[in-house]
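Let me begin by presenting the structure, written as structure tokens, before commenting on it.
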Amino acid sequence: MSSSPFKLRALAAAGCVAAVLAAAACSGGSSTTGSSSSSTGTVTVAVVSNPLITNQMIPLTSSNFEKQNPGIKVKFATYTEGDLRAAIEKNVSTHSNAFNVIMIGPYETPLFAKNGWLTNLSKQFIASDPGYNASDLLPPIAKSLSYKGDLYAVPFYGESSMMFYNKTLFAKAGLTMPLHPTWAQIQTFAAKLNQPGKTSGICLRGLAGWGDNMAALDTVVNTFGGQWFNMNWKPQLTSPAFVNATKFYVNLVRKYGEPGASNDSFNQLLTLYGQGKCAMWYDATVAATSIATTYPSVFAQTGYALAPVNLTKSSGWLWTWALGIPQGVSNSGAAWKFVSWATSKQYDQLVAAKYGWSAVPPGTRTSLYSNPQYQQAAKAFASITLASINSVDPEHATLNPVPYVGIQYVDIPQFESLGLTVAQGISGAIAGTESVSQALQAGQSAAAQYTPAQLSGG
Amino acid sequence: MTVLEDLAPPPKVAVRPRAVSRRARWQLRLPLLPALIYTVVVTQIPFLVTLWYSFQSYFWNTTTAAHFNGLSNYKTVFTNPAFRGSLVRSVVMTVTAVIVAMLLGVAFAVLLDRKFFGRGVVRTLIITPFLVMPAAAALVWAGPMLDPNFGLLNWLLQPFGVHHVAWLSTHALGSVIVVMIWQWTPFMTLIVLAGLQGQPADTLEAAKVDGAGALATFRELTLPHLRPYIELGILLGSIYLVNVFDAVRLMTNGGPGTSTTNLPFYLYQQVNFAFDIGGAAATGVVTVFLTIIVATFALRMFARVFQFEEAGV
């Protein structure tokens, strides 16, 4: 009799232990069984939701890649840009390795490579895979994905920024867009072309995010002579040049921009432009590919100009969505097979056969721009895209020297949260909930929280 | 926390003999144990881990290992205007949404309590917003309803001279609160309707015989009768709405600026964009303590009101 409570208690304790173990087993169950370089197995790919990926890469993977490689199963995890960064950062920094392949860009690649989070693709795979032809990659793009001279990610598509405009509306208003416009000219055009309720003079990004509204704004800041930090890593957000550029951008979008701009980024603006709601649109060069495939009637009326400037000679940004393999993942052989396939010339052929040459992911390989079929199909935007990408220099993007690399970002780990803080303020200024000075003052104090030593990564 | 207290052995002043009482009690508890253990594992252990992280400097985006940094995360939380701002917004959003939803809920319930043709259909329609998934509702509101260029609301308001209002930029907080109200009014209606149907008909009849008007009857009889139901609705509504995330994330993404960033969204940003695990943990711990304080006061107040009600009836 006296022993039975004991038994029950023991039973309860056992149950408790079992529950804890079960929980532990659940969390540990999905982890990898050590890294292997086998060329078969499941490859989980984290990608950004973007027309070139969701409409082309994902369907082509199941219809072609998986058929050619029966041992490999590819699973996609699709995120918006901000969520993708969060998911990937969590994965690689904690080494949970839920993704065998990650989609990253010039911001992440050097930082991750420096932290030892990425596989050295040059040494591990490209050296023994001559068919890949890495020397064919566009030099600025390849450089932006390299660390100490080796590639740690390979580009799926590459982009700079440029101005899209509606030739019909320009002709009707008696205006001509120069190939090298200045921001002052753009403002004049926007004022003349703006028809509230019908078409906006210019469509610009306002959504808070360093890869969203800040990407466009940073190029304006650079060409107005502004910079994030001076050579001593002192924040410069309240300097006259930074303030003037920001005021210019915010006024432009508030006066002549699309309604509700503070919620708009690439995907929303693509829809607006495609519906003929924008007379001009300043965004990524890759938009040309999406306009050509999705909105043929607007595509026929679209003209292109280089990124507008003020004090610098060029001002386009540089970005590429590239594929990398985190350090220590399983099935890395299969992962490389997928990565090399999705970034190869053969992939371009597949896209061309199914969706037409103008739909091919642009901005990665020199050979694409000398391909007569591509030149023919994409003649409207191929050369200006190539010229834009080749005109950028992420190491000297500003008027005055800076201690950092990056055009539309600052390549330091702190920029992720600093960029978001400033982006939120700018988005608020575009919506009218705060002033530009307030937003930049808040950004300046956020940046001042870090010491120069922390920022320089010393 | 109360869960843990239940596990404590019965007080020594128990009337029944100790062994028997214990055994009987454990036999009663045994079927509950799996659920109890599960609850402890998924709520209390993570809380302890959070507490541990809140004293650490731990950033996902650097290779620096996590290290103890005392109270500095808490200092940041209390001195950070972003935290205070999101706290205030959380309170504003919850209080406004709950009160308005309750007022509408009482009004709808009173209307639906009458007998009319098609009452079943109308009741089902009124309840529908509560059955729509919050994420789906937020997307429908953000896109087809409130979009400045293609939205239905602007189209409906066009004859009245309203043109291309960017609701989610210019009236972001209001828009989010409206969606919260839209989703929670049905819940309030349901609860109050249940209360109305439990009202004895003879009391109302007596009031009529005594010559009381409709308004007086409602104020003097129906409302006091509904009081516990209204309180329950407010309590449950507040508990759920203080956690609202879907609408904020999908409609405004906390913006423009930080004008719709409430506490849950602020926490999410701290983890997902600043990768500041220590700071986010400290924010979480502070939020939990604030919630416990508020909840304790609220529950106490309600308990008092309930007692008062029982004594009064």
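From first to last, the protein sequence lines are chains F and W.
Using my numbering, read the first sequence as starting at 1 and increasing by one per residue.
Using my numbering, read the second sequence as starting at 1001 and increasing by one per residue.
Backbone N, C-alpha and C fix where the C-beta goes; we use that ideal spot for every residue, glycine too.
- For Phe65 (chain F), DSSP assigns no beta-bridge partner whatsoever.
- Scanning the region 1136–1176 of chain W for uninterrupted alpha helix (DSSP H) segments of 4 residues or longer gives 1152–1157 and 1167–1170, listed from N- to C-terminal end.
- Given a length threshold of 4 residues, each whole run of the alpha helix (DSSP H) inside the region 287–316 of chain F is given here in chain order: 287–294 and 296–301.
- Following the DSSP letters along the chain, one finds Asn1061 (chain W) in no beta strand (DSSP E), marked with neither H nor E.
- Listed in chain order, the non-local C-beta contacts of Lys114 (chain F) below 7 Å within the same chain comprise Tyr147, local neighbours out to five positions each way being set aside.
- Not flagged as an interface residue toward chain W: Glu81 (chain F), since no C-beta distance is shorter than 8 Å.
- Contact annotation: Pro196 (chain F) and Gln185 (chain F) have beta-carbon atoms that are not nearer than 8 Å.
- Annotation for Glu159 (chain F): the continuous beta strand (DSSP E) segment containing it runs Val154 to Glu159.
- Under the three-state reduction of DSSP, Met1133 (chain W) is assigned to coil, being neither helix nor strand.
- Within the same chain, and ignoring the five residues on either side of Lys247 (chain F) in sequence, the residues whose Cβ sits closer than 6 Å to its Cβ are Val436.
- Residues of the same chain with a CB within less than 8 Å of the CB of Thr366 (chain F), apart from the 5 flanking positions on each side, are Asp136, Leu137 and Leu138 in chain order.
- For Gln68 (chain F), no Cβ of chain W is located within less than 8 Å of the residue's own Cβ.
- From the listed residues W:Asn1061, W:Val1042 and W:Met1301, the smallest Cα separation to Phe1275 (chain W) is found for W:Asn1061.
- Between the alpha carbons of Gly226 (chain F) and Ser265 (chain F) lies a distance of about 23 Å.
- Around the Cβ of Ser290 (chain F), a 10 Å sphere holds 16 or more other Cβ atoms; the residue is buried.
- Listed along the chain, the chain W residues whose CB falls inside 8 Å of the CB of Ile430 (chain F) are Ser1169 and Pro1256.
- Between Ser427 (chain F) and Asn244 (chain F), the C-beta spacing is not below 8 Å.
- With fewer than 16 other Cβ atoms from the protein chains shown falling within 10 Å of its own Cβ, Glu1220 (chain W) counts as exposed.
- For Ile389 (chain F), the uninterrupted alpha helix (DSSP H) run begins and ends at Ala382 to Ser391, by DSSP.
- When DSSP states are grouped into helix, strand and coil, Ser200 (chain F) belongs to the strand group.
- According to DSSP, Ala77 (chain F) shares a beta bridge with F:Ala46.
- Residue nearest to Phe1130 (chain W) within the set W:Leu1111, W:Ser1054 and W:Gly1105 is W:Gly1105 (criterion: CA-CA distance).
- In the three-state DSSP reduction, Val405 (chain F) falls in the coil class, being neither helix nor strand.
- Looking at the DSSP output, Gln195 (chain F) bridges to F:Thr199.
- The DSSP-derived three-state label of Leu1032 (chain W) is helix.
- Within a 10 Å sphere around the beta-carbon of Trp1052 (chain W) sit fewer than 16 other beta-carbons, which makes this residue exposed.
- Taking a C-beta distance under 8 Å as the contact criterion, Tyr404 (chain F) and Trp210 (chain F) do not qualify as a contact pair.
- Proximity of Asn115 (chain F) to chain W, defined by a Cβ-Cβ separation below 8 Å, is satisfied.
- Within the same chain, Tyr147 and Asp411 come within 7 Å of Pro110 (chain F) by CB-CB distance, once the 5 residues on both sides are set aside.
- Between the region 309–321 of chain F and the region 338–358 of chain F, the count of C-beta pairs closer than 8 Å stays below three; the two stretches do not touch.
- For Thr1076 (chain W), the uninterrupted alpha helix (DSSP H) segment begins and ends at Ser1072 to Thr1079.
- Legend: CB atoms of the region 1263–1278 of chain W lying less than 8 Å from CB atoms of chain F belong to residues Gln1269, Val1271, Asn1272, Phe1273, Ala1274, Phe1275 and Asp1276.
- Scanning its chain for C-beta atoms nearer than 8 Å, with the 5 sequence neighbours on each side dropped, one finds around Asn263 (chain F) the residues Gly206 and Leu207, in chain order.
- Taking the C-beta atoms as reference points, Val1285 (chain W) is found nearer than 8 Å to Thr1050 (chain W).
- When the five nearest sequence neighbours on each side are left out, the beta carbons in the same chain lying within less than 7 Å of the beta carbon of Leu1146 (chain W) are those of Leu1153, Trp1167, Leu1168 and Ser1175, in order along the chain.
- Note that the C-beta distance between Asp1113 (chain W) and Leu1223 (chain W) is not below 8 Å.
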